[in-house]
Amino acid sequence: MKITEILSQEKPVLSFEVFPPKKESAYETVEQAAVEIARLSPSFMSVTYGAGGGTSQYTADLAACLAKKYGVTSMAHLTCVSSTREHVMGVVERLRENGIENILALRGDIPSDGHVEKDYSHASDLAAELAAMGDFCIGGACYPEGHPESKNKAEDIRYLKEKVDAGCSFLTTQMFFDNDLFYNFLYRIREAGIAVPVVAGIMPVTNAKQMKRILSMSGTVLPTRFKMLLDRFGDDPAAMKQAGVAYAVSQIIDLVANGIHAIHIYSMNKPDVAEQIKSSLSEILV
Ligand code: FAD
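Heads up: the sequence shown begins at 442 in our numbering, then just goes up one per residue.
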């Protein structure tokens, strides 16, 4: 099923994200975690993509496994800036052969040595190319706090509009920890004429160290309320997990209360976390 069809239904949407292994030896463990998450019957699942293309095969394999064996609508992420067109089109062909209808079209981060291929500059180039094929449902990434490379939010939203016009029929946000930033972003993009559905990306923080690394890369701002939680529970893994899940659930409840019904959980291959979130919302996301 196409994700736009899922988003167009008047039902709440709860999706989960998994990431593929870097090495074949870890594939089975990752697949097992993904399958456990699939058993929670999410609206759809997305599978990330290694920017350098290293895990491209596993992205397709995992997305196909979820769809074929477990009947879960899946979406494959695909980055382009570090790859040749030939490579990207090879991956697209593999996705098509495996019946994957949904692709999150991404540029990918610029590698630290600055080396990129010449075929794609922005995600909008990939979105346009995929849209011209006609058979994929294409999503794009968006950044409530602005993409770290953008001069300002107005410029970022202008380019986001170009990306949507190029062929993205829905957007998924970068994680955010302050819902007000999301509400403000939504207001601004609607004002800029971006009308496609936006799925709110929520990260349950269960590991303080890992979180600090991710945050330094994404430039995400932490509200004081959240920083206090990291300071208090960061050195106690069990307490951090409980507090992180509770914070994510409270964010989702606030989103739903404010009319946002499409939520994507950065579940980081953790079935227990996905399960706790889902069960905490059993009477809310109905
Ligand atoms: P773009 O949309 O191309 O934007 C990148 C920057 O370029 C922005 O600052 C934008 O304002 C600017 N820009 C856009 N168009 C133009 C233009 N025409 N002229 C000048 N500037 C322009 N990374 C992975 O490696 N694998 C993943 O699986 C993955 N999944 C992600 C999922 C989500 C939901 C999100 C939010 C991010 C994900 N990322 C992933 C990270 C993403 O690859 C990086 O954030 C990357 O730096 C930007 O990708 P993009 O697709 O948003 O790029």
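Idealized CB from N, CA, C, for every residue including glycine. Keep in mind the model is a prediction, meaning the values are calculated, not measured.
Would the beta-carbon of residue i fall within 7 Å of that of residue j?
{"i": "Pro645", "j": "Ala680", "result": "no"}
{"i": "Thr742", "j": "Gly540", "result": "As shown, the chain starts at 442 and ends at 727. That puts residue 742 outside it, with no answer to give."}
{"i": "Val459", "j": "Ser484", "result": "no"}
{"i": "Glu477", "j": "Pro712", "result": "yes"}
{"i": "Ala479", "j": "Tyr511", "result": "yes"}
{"i": "Ile706", "j": "Ile718", "result": "yes"}
{"i": "Phe626", "j": "Pro585", "result": "yes"}
{"i": "His518", "j": "Leu547", "result": "yes"}
{"i": "Arg733", "j": "Asp576", "result": "Only positions 442 to 727 of the chain appear in the structure, and residue 733 is not among them; the question remains open."}
{"i": "Val532", "j": "Ser497", "result": "yes"}
{"i": "Ser523", "j": "Val557", "result": "yes"}
{"i": "Phe674", "j": "Phe618", "result": "no"}
In chain order, what residues of the same chain lie with their CB nearer than 6 Å to the CB of residue i, ignoring the 5 residues before and after it?
{"i": "Glu632", "result": "none"}
{"i": "Ser565", "result": "Glu603, Lys604 and Ala607"}
{"i": "Leu601", "result": "Cys583"}
So does residue i have its beta carbon nearer than 6 Å to some heavy atom of ligand 1?
{"i": "Gln615", "result": "yes"}
{"i": "Gly580", "result": "no"}
{"i": "His518", "result": "yes"}
{"i": "Gly608", "result": "no"}
{"i": "Lys668", "result": "no"}
{"i": "Tyr707", "result": "no"}
{"i": "Tyr490", "result": "yes"}
{"i": "Arg548", "result": "yes"}
{"i": "His702", "result": "no"}
{"i": "Lys594", "result": "no"}
Straight-line CA distance for residue i to residue j?
{"i": "Ala569", "j": "Ala641", "result": "23 Å"}
{"i": "Met759", "j": "Asn648", "result": "Nothing can be reported for residue 759, as the shown portion of the chain is limited to 442 through 727."}
{"i": "Thr614", "j": "Ser466", "result": "31 Å"}
{"i": "Gly581", "j": "Leu545", "result": "5 Å"}
{"i": "Val513", "j": "Leu507", "result": "6 Å"}
{"i": "Ala475", "j": "Gly587", "result": "30 Å"}
{"i": "Lys443", "j": "Ser591", "result": "31 Å"}
{"i": "Met658", "j": "Lys650", "result": "13 Å"}
{"i": "Glu716", "j": "Leu481", "result": "7 Å"}
Kindly examine ligand 3 and report whether one of its heavy atoms sits closer than 6 Å to the Cβ of residue i.
{"i": "Val690", "result": "The model on display carries ligand 1 but not ligand 3."}
Between residue i and the rest of its own chain, which residues show a CB-CB distance below 7 Å, the 5 nearest in sequence each way excluded?
{"i": "Ile693", "result": "Ile643, Ile704 and Leu722"}
{"i": "Ile598", "result": "Arg629, Ile630 and Ala633"}
{"i": "Cys609", "result": "Ala546, Ala568, Ile579, Gly580, Gly581 and Val637"}
In the structure shown, what three-state DSSP assignment does residue i receive?
{"i": "Ile704", "result": "strand"}
{"i": "Gly685", "result": "helix"}
{"i": "Ile643", "result": "strand"}
{"i": "Ala595", "result": "helix"}
{"i": "His588", "result": "coil"}
{"i": "Val513", "result": "coil"}
{"i": "Ser456", "result": "strand"}
{"i": "Ala572", "result": "helix"}
{"i": "Val488", "result": "strand"}
Looking only at its own chain, which residues have a Cβ that is under 8 Å from the Cβ of residue i, when we skip the five neighbours before and after it?
{"i": "Val727", "result": "Pro453"}
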